[in-house]
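Chemist: Protein sequence lines correspond, in order, to chains E and D. Our numbering numbers the first residue of the first sequence as 71 and each following residue consecutively. Our numbering numbers the first residue of the second sequence as 71 and each following residue consecutively. Heads up, the beta-carbon is just placed ideally off N, CA and C, and yes, glycines get one too.
There are 2 protein chains.
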Amino acid sequence: MKFDLTPPKGTKDIASDQAKKLWKIIETCKQVFESFGFEPLFTPAFEKFEILSAKGGLGEAVKEEIYYFKDKAGRELGLRFDLTMPLARFVSANPQIPKPFKRYAIAPVWRYDNPQRLRYREFWQADIDIVGSSSILADVECLACVCEVLNKLEIKNFKIRVNNRVLIENLLKPYAGNKIKQVFRIIDKLDKIGEECVKKELEEIDINSEKIMEIITMDISEINQKGKEEIEKLFELASFYGIEKFLKIDLSLVRGLDYYTSLVYEIYIEKENLSFGGGGRYDNLIEILSSRKIPATGISLGITRLMEILSNDFFKKQRKLKFLVTVLENSMLKYYIEICKAIRDQGFICEFDVMERNLRKQLDYANSKAFDFVIFFGKKEKEKNVIKLRNMQTGEEKEIPFQDIRCLSKYIS
Amino acid sequence: MKFDLTPPKGTKDIASDQAKKLWKIIETCKQVFESFGFEPLFTPAFEKFEILSAKGGLGEAVKEEIYYFKDKAGRELGLRFDLTMPLARFVSANPQIPKPFKRYAIAPVWRYDNPQRLRYREFWQADIDIVGSSSILADVECLACVCEVLNKLEIKNFKIRVNNRVLIENLLKPYAGNKIKQVFRIIDKLDKIGEECVKKELEEIDINSEKIMEIITMDISEINQKGKEEIEKLFELASFYGIEKFLKIDLSLVRGLDYYTSLVYEIYIEKENLSFGGGGRYDNLIEILSSRKIPATGISLGITRLMEILSNDFFKKQRKLKFLVTVLENSMLKYYIEICKAIRDQGFICEFDVMERNLRKQLDYANSKAFDFVIFFGKKEKEKNVIKLRNMQTGEEKEIPFQDIRCLSKYIS
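1) Are the Cβ atoms of L478(D) and D442(D) separated by less than 8 Å?
2) Label A131(E) either buried or exposed according to how many other C-beta atoms from any shown protein chain fall within 10 Å of its C-beta, with 16 as the threshold for buried.
3) Mind reading off the beta-carbon distance from Y174(D) to I200(D)? Whole number of angstroms is fine, and I expect it under 8 Å.
4) Does the beta carbon of T396(E) sit closer than 8 Å to a beta carbon anywhere in chain D?
5) At least one CB of chain E closer than 8 Å to the CB of T113(D): is that the case?
6) When the Cβ atoms of the segment 241-261 of chain E are set against those of the segment 280-291 of chain E, are three or more pairs found closer than 8 Å?
7) Determine the direct distance from the alpha carbon of M462(D) to that of N437(D), and round the result to whole angstroms.
8) Distance check for Y330(E) and L213(E), CA to CA, integer angstroms please.
9) Have a look at L371(E), Y311(E), D320(E) and T287(E) and flag the residue whose alpha-carbon is nearest the alpha-carbon of I301(E).
10) Rounded to the nearest angstrom, what separates D209(E) and I290(E) at their Cα positions?
11) In chain order, what residues of the segment 424-450 of chain E put their CB closer than 7 Å to some CB of chain D?
12) P114(D) and P77(E) look like a contact to me (Cβ under 8 Å); what is the Cβ gap, rounded to whole Å?
13) Identify, in the order they occur along the chain, each residue of the same chain with its Cβ nearer than 7 Å to the Cβ of V236(E), setting aside the five sequence neighbours on each side.
14) At 9 Å on the CB atoms, spell out the chain D contacts of R231(E), in chain order.
15) Fully enclosed by the segment 350-432 of chain E, which alpha helix (DSSP H) runs are 4 residues long or longer?
16) Between the C-alpha atoms of V372(D) and F316(D), what's the straight-line distance to the nearest angstrom?
17) Kindly indicate which residue of K72(D), Q88(D), F108(D) and G202(D) has the alpha-carbon position closest to the one of I419(E).
18) Quick one: measure Cβ to Cβ for I407(E) and F310(D), integer angstroms, because I've assumed they're closer than 8 Å.
19) In angstroms with no decimal places, state the Cα-to-Cα distance between V395(E) and Y137(D).
20) Cβ closer than 7 Å: which chain E residues qualify as neighbours of K404(D)?
21) Using the C-alpha atoms, what's the distance from V397(E) back to F422(E)?
22) Measuring only the C-alpha atoms, how far is K243(D) from E306(D)?
23) Does DSSP put K79(D) in a helix, in a strand, or in coil?
24) Measuring straight from C-alpha to C-alpha, what distance separates L272(E) and E292(E)?
25) Would a C-beta distance cut-off of 8 Å place T98(E) and K222(E) closer than the cut-off?
26) Taking the beta strand (DSSP E) that V161(D) falls in, what are its first and last residues?
27) Using a Cβ-Cβ cut-off of less than 8 Å, give me the residues of the segment 178-208 of chain E that come near chain D, in sequence order.
28) Which residue wins for smallest C-alpha separation from A177(D), given the options R189(D), S162(D) and F193(D)?
29) For F472(E), return the contacting residues in chain D, with the cut-off set at a CB-CB distance below 7 Å.
30) To the nearest whole angstrom, what separates the beta carbons of R414(D) and S105(E), a pair I think is in contact under 8 Å?
31) When the cut-off is 8 Å and only beta carbons count, does S105(D) lie next to chain E?
32) Between the segment 325-356 of chain D and chain E, which residues of the former have CB atoms less than 7 Å from a CB of the latter, in chain order?
33) Does the segment 75-91 of chain E touch the segment 137-148 of chain E, meaning 3 or more C-beta pairs lie closer than 8 Å?
34) Taking Y182(E) and E135(E) to be in contact with their CB atoms under 8 Å, please state how far apart those CB atoms are, rounded to whole angstroms.
35) Is there a C-beta anywhere in chain D that falls below 8 Å from the one on F116(E)?
36) By the three-class DSSP mapping on this structure, what secondary structure does A124(D) have?
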């Protein structure tokens with residue numbers, strides 16, 4: 071029988087070290103998010119299509135960008151394209167939740183995008199959002215929380231671009247008029263298509279491209295406009311957290327989605343100009359679903375991308391020691407199982423051979439899977455009441471008293 | 071604007087304490103699975119339809135039981151209905167992986183089932199599988215690992231039904247003949263529809279129902295048949311792990327899917343007869359996809375159900391202490407942020423008010439969200455260089471030196 075065994079187009083299997091990195095990121099996000107008082111929320115992988123199409127006024131057009139399908143009763147559904155829309159639905163459906171509602175979600179999302187390097191149709195996001203507060207304190211709390219995650223993961227050289235939709239709208243209005251949303255969508259492509267192409271696209275809709283480029287590269291100190299004071303307040307509060315060093319004003323940052331209402335952010339690696347997250351304030355989104363006006367702000371980390379960025383050094387430092395207990399005598403399985411249990415109880419990883427194979431093959435396996443230590447316990451060792459511990463890095467062997475398998479740490483410094 | 075804000079039919083949002091329980095289960099599974107040497111694998115939420123339909127020989131009929139859709143290029147896809155099929159595809163596509171390949175996966179799966187109590191169309195599974203070993207050692211390792219998870223979660227009264235497909239097939243063949251698979255599917259419904267209905271269904275296909283019922287309720291000690299010795303070996307090895315007390319032979323256990331080849335298990339809560347997991351050996355599944363015969367065995371825990379079973383007491387014992395730093399003076403934000411950071415660094419959960427509201431409302435929030443401690447730091451406290459700590463359970467208040475926010479433990483015994 072012949073099958074095409076590759077995963078569906080635009081998706082991938084995440085295995086071995088990459089999978090462990092992704093888990094490490096998930097765990098770190100969870101731990102830091104919770105320490106800031108964010109609480110978990112799980113929503114279904116798919117939503118009613120009417121909910122998905124309500125966002126950003128895209129309507130039916132969103133169908134082209136998502137996985138759309140019907141269930142067997144003909145209900146229109148779609149895989150979620152982000153974690154913000156499900157949050158907005160949940161908050162709208164549960165108006166009684168105490169505010170601020172600080173929720174986190176770590177989960178995959180799906181977009182019907184053109185697959186390319188580091189751009190997949192299925193990817194993981196880690197989101198935090200604060201619903202119910204219109205204070206910049208909420209914005210900064212989200213930024214500080216994300217910086218803490220990145221610091222814990224020892225991500226170096228990251229920066230967060232900051233802009234204010236109100237400010238840039240005020241600056242561009244005289245030149246963009248009622249084409250402001252179109253202009254935003256074009257500027258948003260600056261990183262992807264470059265300055266020349268952006269200029270060309272602006273000219274195609276009869277916008278003075280020189281003027282636009284001039285404005286979005288202005289130094290903010292020359293500006294005196296509504297929205298600037300929010301950025302200044304943001305920087306002041308950020309300095310209390312010690313995170314102002316990561317922030318960088320960038321008037322060219324508008325972000326694609328229409329629903330941002332004031333401060334917007336984009337997180338990126340400076341050296342490679344690789345974006346891996348972003349967010350901002352969206353004070354009108356929940357109103358679209360529930361006709362209740364509830365302010366909200368949040369940030370999303372693209373953790374599939376973060377997985378590619380995470381250094382191997384950091385990852386290796388974090389990993390747990392791995393022990394293999396060899397099976398030398400089938401009649402002594404009872405002891406091997408006892409030894410495994412004792413080692414696992416100390417927080418280490420421990421396997422024993424479940425293949426009933428000879429010692430040589432067991433040691434091949436230990437090498438192929440990078441075990442740190444191998445343990446031997448045969449008839450001779452049993453008589454002497456010791457186990458033999460081999461360090462697979464150095465080759466050094468030690469005999470240690472059998473009862474000391476419960477305190478291995480002192481032998482493996 | 072009016073929207074139906076409920077999640078799609080058969081799915082649900084998992085929020086607040088339920089969401090925290092689910093995370094606790096996920097974390098515990100992950101930690102125990104890894105200690106046994108299982109490694110993570112993430113596969114996409116959807117698979118090519120041809121892969122999904124290859125399993126269990128269901129073919130096109132599986133379309134009725136899953137979420138089936140096409141992408142925009144007309145490719146046939148389906149949301150995964152379990153985590154075993156994606157594993158089989160991965161192993162088939164990556165024949166070079168060292169064996170045994172011990173992988174875990176913790177993720178949602180989707181079935182187009184009739185929603186009812188504790189039966190959803192989206193639910194989470196936590197799977198472990200050992201690929202490449204035909205030894206019963208691999209089966210027992212999986213069972214022991216699952217028992218360790220359930221012990222860590224303090225799940226009481228669980229049992230694991232054990233049977234052997236080979237044994238029950240040998241026993242039933244004389245009476246079921248070539249209708250054996252039909253008979254299996256009917257017996258599999260025993261828990262759901264009861265003995266009378268099972269008998270009726272058996273008679274409808276001209277099977278001696280009395281005889282079948284007699285066999286599947288036999289005591290195994292009276293039997294001398296092929297397959298029995300595997301069960302006996304399983305119990306012997308289980309006793310080395312100390313888990314034989316959880317196992318219970320049940321000749322009526324056949325499990326719905328055709329692809330199990332020998333030992334099969336079902337995990338359930340004895341008192342309520344509520345099943346929340348199962349598995350078994352499937353030595354032929356990978357061959358269907360890759361024409362390579364690779365033995366495999368595994369167990370799946372239904373962790374959405376486990377979430378409903380998890381006791382509140384256990385959960386409360388596990389939770390971290392929550393602190394609220396009240397905002398008394400806007401000019402002192404810097405200190406509040408410093409206090410929060412110090413408390414978070416000690417592993418506690420800490421929030422401060424990001425709503426710019428008065429003290430009364432801050433305390434209402436602390437009550438509604440069950441904070442354990444509230445911290446006050448106003449002008450008076452600043453002068454005295456202390457913070458005031460209120461225990462929200464007892465109402466007791468303490469003044470503690472400002473610098474001692476870095477070692478709160480000694481004040482909150």
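Modeler: Let me lay it out:
1) Translated into the one-based positions of the second sequence, residue 478(D) becomes position 408. Translated into the one-based positions of the second sequence, residue 442(D) becomes position 372. With contacts defined as CB atoms closer than 8 Å, L478(D) and D442(D) fail to qualify as a contacting pair.
2) Position 61 of the first sequence, counted from the start, is the residue given in the question as residue 131(E). Answer is exposed; the Cβ neighbour count stays below 16.
3) Taking the first residue of the second sequence as position 1, residue 174(D) is located at position 104. Taking the first residue of the second sequence as position 1, residue 200(D) is located at position 130. Your pair Y174(D) and I200(D) does not check out as a contact, with CB atoms roughly 10 Å apart and the cut at 8 Å.
4) Working through the first sequence from its first residue, we reach residue 396(E) at position 326. For T396(E), the answer is no, since every Cβ of chain D falls outside 8 Å of its Cβ.
5) Taking the second sequence and counting its residues from 1, one reaches residue 113(D) at position 43. Output row for T113(D): interface = yes.
6) Segments in contact, yes.
7) The residue you call residue 437(D) lines up with position 367 of the second sequence. The residue you call residue 462(D) lines up with position 392 of the second sequence. Roughly 8 Å separates the two Cα atoms.
8) Your numbering for residue 213(E) matches position 143 in the first sequence. Your numbering for residue 330(E) matches position 260 in the first sequence. Approximately 16 Å between the Cα atoms of the pair.
9) Translated into the one-based positions of the first sequence, residue 301(E) becomes position 231. That would be D320(E), whose Cα lies nearest to the Cα of I301(E).
10) Counted from its first residue, the first sequence places residue 209(E) at position 139. Counted from its first residue, the first sequence places residue 290(E) at position 220. Approximately 20 Å between the Cα atoms of the pair.
11) So the list reads V424, M425, E426, Y435, S438 and K439, given in the order they occur along the chain.
12) As a working note, residue 114(D) is residue 44 in the second sequence. As a working note, residue 77(E) is residue 7 in the first sequence. About 5 Å; that satisfies the 8 Å criterion.
13) Here residue 236(E) refers to the residue found at position 166 of the first sequence. Counting only Cβ-Cβ distances below 7 Å, and skipping sequence neighbours, we find K296, G297 and S332.
14) One-based indexing of the first sequence puts residue 231(E) at position 161. None at all; the shortest Cβ gap to chain D is about 22 Å.
15) Here the runs fully enclosed are 355-360, 373-379, 382-388 and 403-415.
16) As a working note, residue 372(D) is residue 302 in the second sequence. As a working note, residue 316(D) is residue 246 in the second sequence. The question names Val, but residue 372(D) in the sequence shown is Gly. Using only the alpha carbons, I get a separation of about 18 Å.
17) What you label residue 419(E) is simply residue 349 of the first sequence in a count that begins at 1. Out of K72(D), Q88(D), F108(D) and G202(D), F108(D) has the C-alpha closest to the C-alpha of I419(E).
18) Start at 1 with the first residue of the first sequence, and residue 407(E) comes out as number 337. Start at 1 with the first residue of the second sequence, and residue 310(D) comes out as number 240. Correct: roughly 5 Å between the Cβ atoms.
19) Working through the first sequence from its first residue, we reach residue 395(E) at position 325. Working through the second sequence from its first residue, we reach residue 137(D) at position 67. Answer to the nearest angstrom: the Cα atoms are 44 Å apart.
20) What you label residue 404(D) is simply residue 334 of the second sequence in a count that begins at 1. For K404(D), the residues of chain E that pass the 7 Å Cβ criterion are F310, in the order they occur in the chain.
21) Here residue 422(E) corresponds to residue number 352 of the first sequence, with the count starting at 1. Here residue 397(E) corresponds to residue number 327 of the first sequence, with the count starting at 1. So the two alpha carbons sit approximately 7 Å from each other.
22) Against the second sequence, residue 243(D) aligns to sequence position 173. Against the second sequence, residue 306(D) aligns to sequence position 236. The C-alpha of K243(D) lies about 28 Å from the C-alpha of E306(D).
23) In the second sequence, residue 79(D) corresponds to position 9, counting from 1. Three-state result, K79(D): coil.
24) The residue given as residue 272(E) occupies position 202 in the first sequence. The residue given as residue 292(E) occupies position 222 in the first sequence. Inter-residue distance for L272(E) and E292(E) is about 24 Å (C-alpha atoms, whole angstroms).
25) One-based indexing of the first sequence puts residue 98(E) at position 28. One-based indexing of the first sequence puts residue 222(E) at position 152. Contact flag set, yes.
26) Position 91 of the second sequence, counted from the start, is the residue given in the question as residue 161(D). The continuous stretches of beta strand (DSSP E) do not include V161(D), which lies in the alpha helix (DSSP H) extending over residues T154 to A163.
27) Listed by position, the residues of the segment 178-208 of chain E near chain D (Cβ gap below 8 Å) are P178, W180, Y182, E192, I200, G202, S203, S205, L207 and A208.
28) Working through the second sequence from its first residue, we reach residue 177(D) at position 107. Ranked by Cα distance from A177(D), the first of R189(D), S162(D) and F193(D) is F193(D).
29) Start at 1 with the first residue of the first sequence, and residue 472(E) comes out as number 402. Ordered by position in chain D, no residue passes the 7 Å Cβ test against F472(E), which lies about 16 Å from the chain.
30) As a first step, residue 414(D) is located in the second sequence; it is residue number 344 there, counting from the start. As a first step, residue 105(E) is located in the first sequence; it is residue number 35 there, counting from the start. That belief holds up - the Cβ atoms of R414(D) and S105(E) are roughly 4 Å apart, short of 8 Å.
31) For the purposes of this step, residue 105(D) is taken as residue 35 along the second sequence, with counting starting at 1. True, the Cβ-Cβ gap to chain E drops below 8 Å.
32) In summary, no residue of the segment 325-356 of chain D has a CB separated from any CB of chain E by less than 7 Å.
33) Touching, no, given that fewer than three Cβ pairs across the two stretches are closer than 8 Å.
34) As a working mapping, residue 182(E) is identified with position 112 in the first sequence. As a working mapping, residue 135(E) is identified with position 65 in the first sequence. Confirmed, Cβ separation roughly 6 Å.
35) Within the first sequence, numbered from 1, the residue matching residue 116(E) stands at position 46. Yes, because at least one Cβ of chain D sits closer than 8 Å to the Cβ of F116(E).
36) As a first step, residue 124(D) is located in the second sequence; it is residue number 54 there, counting from the start. Assigned with DSSP and collapsed to three states, A124(D) falls in helix.
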